[in-house]
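In structure tokens form, the structure reads like this:
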């Protein structure tokens, strides 16, 4: 993914949700389970926490929640992100 594409996705929480929704839809078409989708969401969240500065208040909230969560809480939060992205898709 180009730097410009990444910035377009991260500049707007709606664009981030749309991106995540698209990836979830593709994963479902490949037959990924709910748990596998959540694991993917965990990897995305961990990457964002370590490599990207939040661009809006929603991303800042998610980053702060991710930072203070233990592994079990992160797993549950990833499932919630999958649900949220499905709702938007």
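Numbering (the working numbering), first residue to last: 119 to 207.
Beta carbons: idealized from backbone N, C-alpha and C, even for Gly.
Contiguous beta strand (DSSP E) assignments of at least 3 residues, all confined to the stretch 140-205: none
Note the first and the last residue of the continuous alpha helix (DSSP H) segment covering residue 121. Along the chain shown, one-based indexing puts residue 121 at 3. Residue 121 -> alpha helix (DSSP H) spans 121-129.
To the nearest whole angstrom, what separates the beta carbons of residue 163 and residue 197, a pair I think is in contact under 8 Å? Position 45 of the chain shown holds residue 163. Position 79 of the chain shown holds residue 197. That belief does not hold up - the Cβ atoms of residue 163 and residue 197 are roughly 12 Å apart, past 8 Å.
Would you report the Cα separation of residue 172 and residue 205, rounded to the nearest angstrom? In the chain shown, counting from the first residue as 1, residue 172 sits at position 54. In the chain shown, counting from the first residue as 1, residue 205 sits at position 87. Going by the C-alpha atoms only, they are around 22 Å apart.
With distances taken between CB atoms, is the gap from residue 160 to residue 131 smaller than 8 Å? Indexing the chain shown from 1 puts residue 160 at position 42. Indexing the chain shown from 1 puts residue 131 at position 13. No.
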